[in-house]
Amino acid sequence: MPEPTKENEAPAPAPAPPPEEPNKETEAGNAPPKDEEEGSPAIALPPEWSLGESPATEEQVKQNTNSELSTLFVEKPQTGTVKVGANITFIAKVKAEDLLRKPTVKWFKGKWMDLASKAGKHLQLKETFERQSRIYTFEMQIIKAKENYAGNYRCEVTYKDKFDSCSFDLEVHESTGTTPNIDIRSAFKRSGEGQEDAGELDFSGLLKRREVKQQEEEPEIDVWELLKNANPNEYEKIAFQYGITDLRGMLKRLKRMRRVEKKSAAFAKILDPAYQIDKGGRVRFVVELADPKLEVKWYKNGQEIRPSTKYIFEHKGCERIMFINNCQLTDDSEYYVTAGDEKCSTELFVREPPIMVTKQLEDTTAYCGERVELECEVSEDDANVKWFKNGEEIIPGPKSRYKVKVEGKKHILIIEGATKADSAEYSVMTTGGQSSAKLTVDLKPLKILTPLTDLTVKLGKEICLKCEISENVTGKWTKNGLPVQEGDRLKVVHKGRIHKLVIDSALIEDEGDYVFTPDAYSVTLPAKVHVIDPPKINLDGLDADNTVTVIAGNKLRLEIPISGEPPPKVIWSRADKAITEGSGRIRAESYPDSSSLIIDVAEREDSGVYNINLKNEAGEAHASIKVKVVDIPDPPVAPNVTDVGDDWCIMNWEPPVYDGGSPILGYFIERKKKQSSRWMRLNFELCKETTFEPKKMIEGVAYEVRIFAVNAIGISKPSMPSKPFVPLAVTSPPTLLAVDSVTDTTVTMKWRPPDQIGAAGLDGYVLEYCFEGTEEWIVANTDLIDKTKFTITGLPTDAKIFVRVKAVNAAGASEPKYYSQPILVKEIIEPPKIRIPRHLKQTYIRRVGEAVNLVIPFQGKPRPELTWKKDGEEIDKNQINIRNSETDTIIFIRKAERSHSGKYDLQVKVEKFVESASIDIQIVDRPGPPQLVKIEDVWGENVALSWTPPKDDGNAAITGYTIQKADKKSMEWFTVIEHYHRTNATITELVIGNEYYFRVFAENMCGLSENATMTKESAVIAKDGKVYKNPVYEDFDFTEAPMYTQPLVNTYAIAGYNATLNCSVRGNPKPKITWMKNKVAIVDDPRYRMFSNQGVCTLEIRKPSPYDGGTYCCKAVNDLGTAEVECKLEVKGGLSFCRLLLQGVPPNIIDSYLRDLQSSNPEEY
């Protein structure tokens, strides 16, 4: 069965019956349909149609529907036919010129099935947009069609308040069989208004077509009989079995059928469901009453019908008859008749006869601009007629050039101001015929009354081109083949047959070939415009005295702008000698808008006056230009170095002989090391004088200097280098001059080298002395000495002398260093004194094999005598080495042994003065093993051990013992107790049934003894007789108040980067964690995230800003108490902090730097 369709959709195509002559009077049920007479398919038409004439065919209905003006569609999808398994595509196009956005398009099958949800393997929906034509194209492609795809489809387009819809059908044919045609008009009827189901469609005829089997014919099944007799619970099953998709229409049809089956008490025979009549015919409605006394009233669309010449009523027994004469389209409506409290209804369809063209259109010829009228006549007045141009419908309107005039049966198409574009084939179409004719529009012959003339105009004057033609038509102006655009200076004037082109203030670019072309004609009117201008020389780019300066060696290209039309002839000259154009060093070049004087590699001799002359047909022009060639100065003479210091010198020079034609502005000075080739500039600002003092030189290095002269042109070549010179300086005075020793005839002095020696180095020292009361200084050393100690000999006893020392190098002697007071030449006795180091005041302990090296300083003069003893006896020098000096004594033992332990006594003696000191040395080693290890007792899993200390303690106290056990089976030793101090122990947790041996190591400060003492007997852990009792443990209270194990730490964050605060807390029961900022709890703030995992609390601040800085607090609360911890967060902002951090600067340095910056510039922060 085909799918049901809506009221506004076109029904599926069916064969149209041939037209019949309208009967003036037709009775209901008298004439069968024409289709039935010619042998219709197996599906019979419903009995609702009672007249011989059928309503308008599907093709006529669809043609009328599609001919209506569409508001959105440009192209609508058309009905198609496809075979099973083939593909088919439906296309809809929408114009988008007036749409601001894409319209909404939906595809439907039947009434309600939206195909957008069915897209997939067999159905694809596509949409494209063509920018040039601005047309949206929507496609629905059905792939591998099946038989049940056949039916009615609908495409809807929506845009804001606009809506458009189009219906089309799809027929699917079997490739091996034929499908019977069905007249879908018989599938529905329109119900009358005023009833419960007014306006509803009856889809009783839309039953699914069953495949016709050729082998055997199945008897025709009346689906409606099945539905009437079936249980309502089986309606859906039956509808699915017989292909009924409109369940709602099916239920309404069943309801209406049941209501009809109800026997009427007033009517013995009711009206037929529908009647059909041609326009102008006569129709007859008949009802039969059960009681002839009942009053009958007839109604049309709810209004009672009164007897008249149009409506005639008759009574024949129980029959009540109403005739409607001369039926018109207005009579097409619903009618019903009432008898008592009951009524029956029907519907009348009036078919309009076709309109014929009685007078054909005639071919017409006209000229452009004339009024054209195309006239035809039709068979009826005010008929609906459509006009077409070359097959496209003409839609007249206020903005259209086409107007339609109707005078009764006469229809006229009027074209105002015809053009050649109106030449076409025009046709008129009615419902019953059509007519066509050709319209030819030609141009009138054109005559040139006044042609254009050539013009020669001076620059700045007005240009006026004028012509006159015989026809008042528009035209186009072109210049050199390009269209002329109107502007402020250019005006195009058209008055009747006269055309003008006016240009104010003529310019050079206005010159050219102008052509005027009348529209629609091939005639052209040409004219040439020539603009002339006297020559001019533009010297605005030069100085006031027209002087051009060029640097020697450079190229001079002097470009002088010129003007003139036609382009003038240019002549350059110097001293009445013409400069030609060519390839010489001095040459001229000419261009349309300028002329250039070119001097390649300018020389001093090129300075002078150059003349330029211009000449054309409009006049002449002259000008003079002065060229000045300048150069850099000559290099100065080599400078002289007059004085030299430790890191400076003084130099002077003479100015250069030739300044290059420009005053000397100053000098640049450079220096270099003699052995180097790299010169370094000493001044970056010009030196105005001819003397200079270089500084910051290195002593002892040879240098050279040179000079550059500078003028406005540039820097000269360097001068010749100066003679090499070396900066040198004497050293500073020696330091710390002191008396080292004094005898009856000598004085020994010592000192330290100078603080500053300089590059000249230090050659040696000179020591001088003078006696008290004299001023004569005597040199103590005839030759320079390198050492910082010297003894002055040959002095008289009890004399007093003054001493000084000088440092000498290549630059000379330094300033002397004086001893502050006179020195008495007489030896002084100094009592001896021993200075024992602090670490030797206690026992000095070393292990066997280590080296012993002890240094004991002492004092005393003259040189004291030293004596060493060990434990009161002389020291064996073969085992112990002793070395003495004037200030200390050293005792050295290369490899210490335990025999070296003891008390060492030192005695220092100066004449009758004696000083003594003692040092205790202890050499230690690892102890021996314990003497005896015994098993005292064995019980349960325990063994009691005891032992005696070792005989040899290694010369050090025993610090502990280490006990090990071994199973007799494996004899693998395991440590049980370490660093045990007592000499008895109990070994526990032994394995029952095993037999154990035990051994003990002794331990002192050097470590464990090399060997261990093992028990002679073994300890057996018996298996029987052991009673094990489970220990009783008291429940431990794990509850505790919250306590922070890791507090918060003051920190800082970078603005825009996430920051986290962490702390850890413990407590039982588990405490509740609350975060606060500035004493305000943080609750439901999306900028903060809080985590707690295994007691570690974390607060994450997302992309903080400076406003997020402050004091943050973490609070933990449980039943036993509360704990809080807080910290301060500072948010660092600003680009400088981020840049410093990215450059690798440590954050603490950045923080210190920003604080100093803030304190120095508080207003900026």
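In my numbering, the protein residues as written are 914 to 2078.
All residues carry an ideal CB built from backbone N, CA and C; glycine is no exception.
Residue i vs residue j beta-carbon contact at 9 Å
i	j	result
N1971	I2014	yes
F1914	Y1874	yes
I1905	I1934	yes
Q866	N1868	No answer is possible for residue 866: it lies beyond the span of the chain, which begins at 914 and ends at 2078.
F1198	M1235	yes
K1746	K1730	no
V1856	A1932	yes
I1450	I1473	yes
T994	D1077	no
V1543	D1519	no
I1582	N1565	no
I1416	K1404	yes
T1987	K2045	no
P1640	W1561	yes
L1980	M1956	One detail in the question is off: residue 1980 reads as Gly in this sequence, not Leu. In contact: G1980 and M1956 (Cβ atoms closer than 9 Å).
I1736	V1660	yes
L1675	V1716	no
For residue i, the residue or residues it bridges with in DSSP
i	result
T1964	L2042
A999	Beta-bridge pairing links A999 to no other residue.
R1594	E1583
V1209	A1252
H1086	K996
Distance, residue j Cα to residue i Cα
i	j	result
S2065	V1557	46 Å
K1882	G1762	40 Å
S1831	P1709	42 Å
R1757	R1796	Correcting the residue identity first, residue 1757 is Tyr in this sequence and not Arg. Going by the C-alpha atoms only, they are around 19 Å apart.
N1794	I1804	6 Å
P1569	V1618	17 Å
T1872	K1847	21 Å
H1535	T1493	17 Å
K1213	S1246	7 Å
E961	L1184	A caution first: E961 carries a pLDDT of 34, below 50, which makes its placement in the model unreliable, though a value can still be read off. Near 10 Å, if we compare the C-alpha coordinates of L1184 and E961.
T1271	V1291	5 Å
H1298	S1348	Reading off the sequence shown, one finds Val at residue 1298, where the question assumed His. Each residue's Cα considered, the two are about 11 Å apart.
Y1339	I1307	9 Å
K1223	G1346	31 Å
Among the options, nearest to residue i - alpha-carbon criterion
i	options	result
V1801	E1810, P1777, D1789	The residue you asked about is not Val; residue 1801 is Asp in the sequence shown. When only C-alpha atoms are compared, the closest one is P1777.
C1240	L1420, S1221, R1264, G1677	R1264
K1022	R1014, D1074, C1079	C1079
F1081	W1020, V1136, K1057	W1020
G2023	Y1965, S1977, F1605	Y1965
A1625	I1464, T1661, T1706	I1464
T1656	T1706, T1695, P1607, I1670	T1706
V1319	E1288, G1330, K1302, A1615	E1288
N1963	L1903, V2030, Y1523, L2042	L2042
K1822	A1809, T1780, D1850, K1816	T1780
I1327	S1629, E1138, T1277	T1277
T1251	Q1273, L1207, L1274	L1207
A1954	A1879, P1842, E2037	E2037
K1413	L1420, E1399, E1424, Q1189	E1399
S1313	D1335, Q1792, E1902	D1335
Residue i Cβ short of 8 Å to the ligand MN heavy atom set
i	result
E1689	For the ligand MN, the structure offers nothing, since it holds no ligand at all.
Which residue spans inside the region 1652-1720 form an unbroken beta strand (DSSP E) run of at least 3? Within the region 1652-1720, the complete beta strand (DSSP E) runs of at least 3 residues are 1660-1665, 1677-1684, 1702-1705.
Complete runs of the beta strand (DSSP E) confined to the region 1392-1421 [at least 3 residues]: Scanning the region 1392-1421 for uninterrupted beta strand (DSSP E) segments of 3 residues or longer gives 1403-1408, 1411-1416, listed from N- to C-terminal end.
Complete runs of the beta strand (DSSP E) confined to the region 1800-1881 [at least 3 residues]: 1801-1806, 1815-1823, 1826-1837, 1846-1852, 1855-1860, 1871-1880
In chain order, what are the residue ranges of uninterrupted beta strand (DSSP E) at least 3 long that sit wholly in the region 1884-1963? 1886-1893, 1897-1900, 1908-1917, 1953-1959
Complete runs of the beta strand (DSSP E) confined to the region 1313-1350 [at least 3 residues]: 1315-1320, 1323-1328, 1337-1342
Let me know the beta strand (DSSP E) ranges lying completely inside the region 1593-1650, each 3 residues or longer, listed in chain order. 1616-1624
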